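2 protein chains.
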Amino acid sequence: MSRTVPFKQVDVFTSTPYKGNPVAIVNCWDLDESTIEQSTLQSIAVWTNLSETTFLFKPTNEKCDYKVRIFTPKAELEFAGHPTLGTCHAYLEFSGRKNVEKIYQECALGAVELTIKDKKLSFKGVKTDVVSISSDLTQEYTKCVTAPLVTEPILAEVGPHWVVALVEDNKTCFDMEIDYELMTKVAAKHGTTGMIIAGKFPDSEKYEMRAFAPAAGVVEDPVCGSGALALARYLQEVKKFDSSYEFEISQGGRLGRQGEIKAAITHSEGSIGYHIGGQCISVVNNGEFLI
Amino acid sequence: MSRTVPFKQVDVFTSTPYKGNPVAIVNCWDLDESTIEQSTLQSIAVWTNLSETTFLFKPTNEKCDYKVRIFTPKAELEFAGHPTLGTCHAYLEFSGRKNVEKIYQECALGAVELTIKDKKLSFKGVKTDVVSISSDLTQEYTKCVTAPLVTEPILAEVGPHWVVALVEDNKTCFDMEIDYELMTKVAAKHGTTGMIIAGKFPDSEKYEMRAFAPAAGVVEDPVCGSGALALARYLQEVKKFDSSYEFEISQGGRLGRQGEIKAAITHSEGSIGYHIGGQCISVVNNGEFLI
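Just so you know, the protein sequences line up as chains Y and D, in that order. Each residue of the first sequence is one higher than the one before, counting from 1 in full-length UniProt numbering. Each residue of the second sequence is one higher than the one before, counting from 1 in full-length UniProt numbering.
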């Protein structure tokens with residue numbers, strides 16, 4: 001227990017320190033992953049107390065640049081959005097690689113493609129399945145939110161399983177309240193992560209979004225990458241875009257944050273891609289973490 | 001927003017990483033305190049997401065070695081136990097001072113005396129007032145805990161305001177459940193921080209302790225220094241020791257921690273002192289924090 005490894009804590013979806021969503025990155029590149037117990041990684045994620053802590057390893061998939069394992073204080077995740085961007089940002093700083101346009105991240109969900117452009121990182125969704133919800137469950141989810149839902153909620157399976165729906169506009173989304181106890185029960189019964197609610201700004205291609213996962217111990221996530229992916233997939237389902245569409249998302253205002261997300265739905269050679277990105281800033285650098 | 005200051009994250013009340021209670025220390029020694037907004041310090045404490053984040057400054061009281069300001073994600077505190085030990089530990093490492101026996105910490109509650117002995121740090125309680133509780137409120141607090149209280153609860157004002165009581169033994173304390181919703185209401189109504197419940201091990205001078213502050217956003221604190229101070233003060237009130245008494249406290253087992261606290265009640269020249277200590281270990285070292 002006397003070895004140390006490099007450590008960073010990165011703010012994601014912002015260029016202003018403390019206004020985004022933090023993720024802790026423990027750089028285990030020089031350690032043999034098989035020598036580290038799962039329980040140790042879980043204990044560290046409990047101890048940092050952040051929504052996610054990630055562990056960076058050498059890739060085992062030769063197509064990938066690095067491997068990441070993502071932990072909440074409760075469990076290991078297959079994939080998560082803001083930890084993917086924060087870990088890629090940290091990987092680029094740790095490795096000193098410059099002028100790179102594409103990075104491939106190995107994680108439990110598979111290889112995730114990341115693009116670097118104009119100081120912004122974005123990832124392409126690997127899993128973007130949608131599943132309709134029974135009318136009984138739809139009614140229950142509707143009761144969890146004080147504002148009327150203006151679209152039918154759908155389940156988007158993007159790693160986390162988010163139930164997504166729209167409300168009237170951005171202001172309605174910002175102002176609405178949530179019945180956390182009811183949502184905890186409904187999400188647990190349905191086996192989902194929680195709800196993503198968004199409302200469009202009247203005069204621009206921009207949405208106000210909020211993410212709730214009380215059953216997973218996160219009442220409201222300040223800025224949520226997988227939630228943005230779920231929203232993009234949902235908008236394609238509802239609006240049936242037949243060409244590429246870009247939009248912005250603001251999130252976290254109710255929690256004192258100012259998260260800024262860039263989303264893109266690309267149509268290319270018959271296939272549709274979903275891309276979620278934003279800026280990152282390393283707030284804690286050069287840390288040495290005792291592991 | 002481009003300056004950086006030294007940063008550590010210290011585990012308190014343990015010598016085993018991740019088994020104690022973490023505190024983040026932002027070393028602002030070289031900054032002019034008047035140039036840093038209260039809102040910036042509060043934003044940082046929200047962002048780290050720890051129960052406490054501390055900011056180390058040059059002392060303004062010439063008797064003291066350093067000044068600390070202590071923030072939860074919700075507010076600034078006059079005093080807190082584990083952040084005091086963690087900050088003193090970090091101060092000693094930052095300053096490189098060795099072979100020191102006494103350190104004086106300036107904080108909003110006044111000058112706190114710390115003693116270093118056998119690799120353990122301890123602080124002496126500055127404020128240790130006790131106040132009896134009305135029978136109506138006593139009944140309400142009693143209902144918050146599933147195990148019967150075997151002593152009358154008393155309010156100990158030690159910085160935080162803890163309502164303290166004993167249950168039958170250590171096992172009862174470990175196993176009991178809490179009605180968080182009720183406790184949140186009762187604590188808010190009474191203007192207190194929460195409850196400290198302890199039970200004695202049958203054959204040793206050791207207590208199992210648990211600390212609950214749901215109204216302050218901390219459902220159960222893993223290892224609580226001010227709670228230990230409140231317990232020591234309470235035991236003096238209940239047991240009327242007429243000479244010095246030392247005891248140990250274990251805490252955090254229900255949360256996967258193994259906190260170890262050393263407590264001492266000293267009688268000297270007619271005055272009674274309360275001392276709370278334990279080991280600390282810096283898990284994140286050499287960090288550079290963007291402030």
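Where is the CB? At the ideal position from N, CA and C, for every residue including glycine. Being a predicted model, the structure only gives us computed values, none of them experimental.
Taking DSSP as the reference, what is the three-state secondary structure of residue i?
| i | result |
| --- | --- |
| Y:E140 | helix |
| D:Y274 | strand |
| Y:M195 | strand |
| Y:D175 | helix |
| D:T4 | strand |
| Y:Q105 | strand |
| Y:C224 | coil |
| D:S243 | coil |
| D:G253 | helix |
| D:K98 | coil |
| Y:T151 | coil |
| Y:G287 | strand |
| Y:S135 | helix |
| D:G86 | helix |
| D:K189 | helix |
| D:G159 | coil |
| Y:A80 | coil |
| Y:L216 | Sequence inspection shows Ala at residue 216 of chain Y; the Leu mentioned does not correspond to that position. Y:A216: helix per DSSP, three-state reduction. |
| D:E237 | helix |
| Y:E181 | helix |
| Y:E93 | helix |
| D:A230 | helix |
Can you name the residues of chain Y whose CB is closer than 8 Å to the CB of residue i?
| i | result |
| --- | --- |
| D:L290 | P17, I281, S282, V283, V284 and N285 |
| D:G256 | S43 and V46 |
| D:L56 | Ordered by position in chain Y, no residue passes the 8 Å Cβ test against D:L56, which lies about 16 Å from the chain. |
| D:F7 | V284 and G287 |
For residue i, I'd like the list of residues in its chain whose CB is within less than 8 Å of its CB, leaving aside the five on either flank, ordered along the chain.
| i | result |
| --- | --- |
| Y:E248 | S204, E205, K206, Y207, E260, I261, K262 and A263 |
| D:W162 | L155, A156, T192, T193, G194, M195, I196, A211, S226, G227 and A230 |
| D:F71 | L41, Q42, I44, A45, E52, T53, T54, F55 and L77 |
| Y:G287 | P6, F7, K8 and Q9 |
| Y:E168 | A147, P148, V150 and G199 |
| D:K120 | K262, G277, G278 and Q279 |
| Y:V100 | L92 and I116 |
| Y:T138 | E152 and P153 |
With a CB to CB cut of under 6 Å and the five nearest residues on each side skipped, what residues in its chain are close to residue i?
| i | result |
| --- | --- |
| Y:E78 | A108, L109 and G159 |
| Y:N170 | G199, F201 and E208 |
| Y:L290 | T4 |
| D:G252 | P222, V223 and G259 |
| D:H267 | S243 and S244 |
Which bits of chain Y does residue i rub up against, with CB to CB less than 9 Å?
| i | result |
| --- | --- |
| D:N49 | P22, T48, N49, L50 and S51 |
Sorted by chain position, which residues of the same chain lie with C-beta nearer than 7 Å to residue i's C-beta, five sequence neighbours on each side aside?
| i | result |
| --- | --- |
| D:P73 | A45, V46, N49 and G217 |
| D:A198 | L166, C173, Y207, E208, M209 and L231 |
| D:L255 | E220 and P222 |
| D:A213 | T193, G194 and D221 |
| D:N285 | K8 |
| Y:K127 | L109, E157, V158 and G159 |
| Y:P59 | D65, Y66, K67 and E106 |
| D:E33 | F57 |
| Y:P17 | D11, I281 and V283 |
| Y:Y180 | P214 and V219 |
| Y:A75 | none |
| D:C88 | I103, Q105, L114 and L121 |
Item to check | Stretch-stretch touch, CB-based, cutoff 8 Å, three pairs: the region 19 to 27 of chain Y with the region 46 to 53 of chain Y | outcome: yes
Next on the checklist: When you compare the region 216 to 224 of chain Y with the region 137 to 156 of chain Y, are there three or more beta-carbon pairs, one atom per stretch, that lie closer than 8 Å?
Outcome noted: no
Next on the checklist: Which runs of the beta strand (DSSP E) at least 3 residues long sit entirely within the region 7 to 67 of chain D? Give them in chain order.
Outcome noted: 21 to 27 and 53 to 57
Checklist entry - Counting Cβ pairs closer than 8 Å, one from the region 95 to 108 of chain Y and one from the region 58 to 65 of chain Y, do we hit at least three? => result yes
Next on the checklist: Using a Cβ distance threshold of 8 Å, determine whether the region 173 to 187 of chain Y contacts the region 239 to 246 of chain Y, with at least three qualifying pairs required.
Outcome noted: no
Next on the checklist: Tell me whether the region 93 to 102 of chain Y and the region 131 to 139 of chain Y touch, counting them as touching only if at least three CB pairs, one residue from each stretch, are closer than 8 Å.
Outcome noted: no
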